[in-house]
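For reference, the structure discussed in these notes is given below.
The following block contains the structure:
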């Protein structure tokens, strides 16, 4: 059995503040250990059911160089490295292919504008909303569509309690959810200690494997007219720069879109546009 684990950091055990999310923050090194521990709990749960499983982990947060490979479970391999388009055209899901059977999403957060713990969608400084066929969605739903392009269903999501609503409303099949903490606001939560969450995540991963074999998981539906993905940006120049990418078209002054029949291809074009939207001219050109 081949299992793909996509990781993010905002929904990890004990993570509640931006100080824990970037290399400049005082809490980052401790948060890296917590992140790695949550991933290891998911890996262990998979191995409980399939001791010979092949497991690939993709670090999908920020610099995407957060997971401590020296502490990662020896059964896993790690996708790590910067999220620029040349490196990672599928962003958080880079490394997925049609050889995988099942995906787990560990440490995720709710979408931009939700008011949840550390809420945003991919790039908080750029993306106001990310819409698919007119509906605003968060990272777990969009990533599920990308995974679905390769025939891989999502069996488990972990994160703060406010993410449960998106799991219920935006994902298909019998997807498990593990709350690592109870959201109090955008930067505070009632947190469970690592020994508690490790057990919960491990159980959740075991259950996801069982549900896969029982046929209880499902791929996201493919709309008859294909996928139209639209990004609303915070500033006009972000959209202007995104329009330099082939396949991107303007929707409004601060929005752009791409469309196609396969979610992974459309998302890749959109991600390229988002990355271009962050471009800054060198000082000597201004």
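Residue numbers (our numbering): 20 to 305.
By construction, the Cβ of each residue, glycine as well, lies at the ideal position given by its N, Cα and C atoms.
Between residue 225 and residue 83, the alpha-carbon positions lie close to 26 Å from each other. DSSP places residue 149 in the strand class (E or B) of the three-state scheme. The alpha carbon of residue 256 has as its nearest neighbour, out of 175, 203, 286, 274, the alpha carbon of 274.
Here DSSP, grouped into helix, strand and coil, assigns residue 280 to coil. Just measuring C-alpha positions, the residue of 75, 140, 116 sitting nearest residue 165 is 116. Considering only 93, 260, 194, the residue with the shortest C-alpha distance to residue 182 is 194. Exclusion of the five residues before and after residue 98 leaves 77, 113, 114 as the residues of its chain whose Cβ lies within less than 6 Å of its Cβ.
If you draw a straight line from the Cα of residue 215 to the Cα of residue 237, it is about 29 Å long.
Beta-bridge annotation (DSSP): residue 176 is paired with 124, 196. At the C-beta level, residue 25 and residue 79 come within 8 Å of one another. The three-state reading of DSSP puts residue 88 in helix, counting H, G and I together.
Counted as a single uninterrupted DSSP element, the alpha helix (DSSP H) harbouring residue 59 occupies residues 47 to 68. When DSSP reads this structure, residue 130 sits in no beta bridge, so it has no partner.
Just measuring C-alpha positions, the residue of 49, 151, 240 sitting nearest residue 90 is 49.
Residue pairing from DSSP places residue 98 in a beta bridge opposite 77.
Beta-bridge partners assigned by DSSP to residue 236: 192.
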